[in-house]
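Enquirer: Residue numbers (the numbering used here), protein chains in the order written: chain L, 795 to 914; chain D, 157 to 272. Every residue gets a Cβ at the ideal spot worked out from N, C-alpha and C, and that includes glycine.
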């Protein structure tokens, strides 16, 4: 059972370009979370998605950032017109279909290895 | 709203010495508590978690953490560290309410540097 797969591992973009980060959750997981880790900081929640639905986007910047999790295929985090301040590691995590309160002893989700975005 | 404070950004320690990584949280509701470990250029791995029951939780590689509700702390300890424990450690919380979406609030991280 493959873990959470993120690609690419490293992404270099020039200012003003678009960055697309992909996340394939673990098999059977239909909940996906995106986090951003800025240099020397902890992870910050960005968005929580279920298949075809955005559930919580309270951590997403208001402009240039968007996320989707289509019925088929990976979840995509898109950053338009990237700026230097977008340089960070972006992590995706997935969890099973049960709600957090129902997960009991299995609570906790699985992180991917991240995409490291560098804007030059 | 919740917040997590990891009091030490870096903790240098010699191999086989004991270590404690401190974590305090702030929350108006009950929380679940987690410690994650991140090795260089890798994702986060769950080290241990407190959901309910015994306030002392243990991991398979010798770490333990104790939930102290009165002090709102969840410090991580290991009686004897190895070089391979060198990594970044993150404390995190998630609220237990019915509206909980499962998102985690992370501390800033503590770099554990184990020296030979």
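Note down the Cα distance separating residue 263 of chain D from residue 827 of chain L, rounded to an integer number of angstroms.
Expert: Going from the Cα of residue 263 of chain D to the Cα of residue 827 of chain L covers about 17 Å.
Enquirer: Short of 7 Å Cβ to Cβ, which residues in the stretch 860-892 of chain L face chain D?
Expert: Those would be 885, 889, in chain order.
Enquirer: Considering only C-alpha positions, which residue in the set D:267, D:260, D:266 is nearest to residue 840 of chain L?
Expert: Of D:267, D:260, D:266, the residue nearest in Cα terms is D:260.
Enquirer: If you drop the 5 nearest sequence neighbours on each side, which residues of the same chain put their C-beta closer than 6 Å to that of residue 868 of chain L?
Expert: So the qualifying residues of the chain are 816, 817, 818.
Enquirer: Identify every residue that forms a DSSP beta bridge with residue 859 of chain L.
Expert: According to DSSP, which records beta bridges pairwise, residue 859 of chain L is partnered with L:873.
Enquirer: Please report the straight-line C-alpha distance between residue 909 of chain L and residue 813 of chain L, rounded to a whole angstrom.
Expert: Using only the alpha carbons, I get a separation of about 11 Å.
Enquirer: For residue 208 of chain D, does the three-state DSSP call read helix, strand or coil?
Expert: Of the three classes helix, strand and coil, the one that applies to residue 208 of chain D here is coil, per DSSP.
Enquirer: From the beta carbon of residue 823 of chain L, is the nearest beta carbon of chain D less than 8 Å away?
Expert: No, no contact with chain D.
Enquirer: Residue 234 of chain D versus chain L: which residues are under 7 Å apart at the beta carbon?
Expert: Those within 7 Å of residue 234 of chain D in chain L number zero; the least Cβ separation is about 20 Å.
Enquirer: Go ahead and pull the three-state DSSP assignment for residue 250 of chain D.
Expert: In the structure shown, residue 250 of chain D sits in a strand (DSSP, three-state: E or B).
Enquirer: Taking all protein chains shown into account, do 16 or more other C-beta atoms lie within 10 angstroms of the C-beta of residue 193 of chain D, making it buried, or fewer, making it exposed?
Expert: When all chains shown are included, residue 193 of chain D counts as buried.
Enquirer: For residue 809 of chain L and residue 911 of chain L, which I take to be in contact (beta-carbon distance under 8 Å), what is that distance rounded to the nearest angstrom?
Expert: Wrong, their Cβ atoms sit about 12 Å apart, outside the cutoff.
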